[in-house]
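In this note's numbering, the protein residues as written are 3 to 194.
Heads up: the structure comes next, in structure tokens.
In structure tokens:
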């Protein structure tokens, strides 16, 4: 039975090591086409998933996508400048997950992740006046399988956007609790 792969985690773990798709394929004994397909959201056999997990020194569960409406949750802190916080995390021993934008960086320790985003980075996808009151706060960044269903369940949608990276996101608020819901079904496709 094919297993849904956490494509973002697979790609992140490969990039964190500085590996190409070809290198990961050769090291794990699967084809490059399979690695490419899995990083685009394809499903894997248990043997392919086990080979990838072993090569990346992860559990199979770490590379498996959840099948419920919520895929995962990551704390996201919005800061005027991420460098001082990033430096603190590095000094504490966190690994750094580089992104395509220096205004948004992930840190990782074990299976715990945290996103650091600058005000300028967030204002590139959301109106600056909406982001301003959230600077200095940590809010949940919730990966969901249906933005519409999750938005309805949360309550008030403050702003929806398609980011520069192709994710559909909604900034939501209920009783002064904020979150960003992200639907990655179109992840990696350029925004219109």
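Here a beta-carbon is modelled for each residue, glycine too, at the ideal position from N, C-alpha and C.
DSSP-derived helix/strand/coil call for residue i
{"i": "residue 156", "result": "helix"}
{"i": "residue 135", "result": "helix"}
{"i": "residue 63", "result": "helix"}
{"i": "residue 58", "result": "coil"}
{"i": "residue 141", "result": "strand"}
{"i": "residue 193", "result": "No answer about residue 193 holds up, because its pLDDT of 33 lies below 50 and its placement is not dependable."}
{"i": "residue 74", "result": "strand"}
{"i": "residue 89", "result": "helix"}
{"i": "residue 182", "result": "strand"}
{"i": "residue 34", "result": "helix"}
{"i": "residue 5", "result": "strand"}
{"i": "residue 84", "result": "coil"}
Nearest neighbour of residue i, chosen from the options [CA to CA]
{"i": "residue 44", "options": "10, 55, 160", "result": "10"}
{"i": "residue 167", "options": "149, 159, 101, 183", "result": "101"}
{"i": "residue 62", "options": "77, 46, 75, 74", "result": "46"}
{"i": "residue 92", "options": "118, 82, 67", "result": "118"}
{"i": "residue 172", "options": "179, 178, 159", "result": "159"}
{"i": "residue 24", "options": "15, 18, 34, 30", "result": "34"}
{"i": "residue 149", "options": "42, 164, 140", "result": "164"}
{"i": "residue 135", "options": "50, 114, 175", "result": "175"}
{"i": "residue 87", "options": "120, 185, 67, 103", "result": "120"}
{"i": "residue 94", "options": "110, 137, 157", "result": "110"}
{"i": "residue 170", "options": "138, 106, 161", "result": "161"}
{"i": "residue 15", "options": "32, 48, 112", "result": "112"}
{"i": "residue 99", "options": "140, 51, 4, 19", "result": "19"}
{"i": "residue 84", "options": "140, 49, 50", "result": "140"}
{"i": "residue 5", "options": "38, 154, 21, 50", "result": "50"}
Assigned exposure category for residue i - 16 Cβ within 10 Å defines buried
{"i": "residue 108", "result": "buried"}
{"i": "residue 57", "result": "buried"}
{"i": "residue 36", "result": "buried"}
{"i": "residue 32", "result": "buried"}
{"i": "residue 193", "result": "Interpretation of residue 193 is limited by its pLDDT of 33, a score under 50 that renders its predicted location unreliable; no figure is taken from the coordinates."}
{"i": "residue 127", "result": "buried"}
{"i": "residue 8", "result": "buried"}
For residue j and residue i, believed in contact at Cβ under 8 Å, the rounded distance
{"i": "residue 80", "j": "residue 124", "result": "6 Å"}
{"i": "residue 30", "j": "residue 65", "result": "11 Å between Cβ atoms; not a contact."}
{"i": "residue 156", "j": "residue 181", "result": "7 Å"}
Residues bridged to residue i (per DSSP)
{"i": "residue 1", "result": "No answer is possible for residue 1: it lies beyond the span of the chain, which begins at 3 and ends at 194."}
{"i": "residue 115", "result": "110"}
{"i": "residue 26", "result": "Bridge partners of residue 26: none, in fact."}
{"i": "residue 173", "result": "161, 182"}
{"i": "residue 47", "result": "Beta-bridge pairing links residue 47 to no other residue."}
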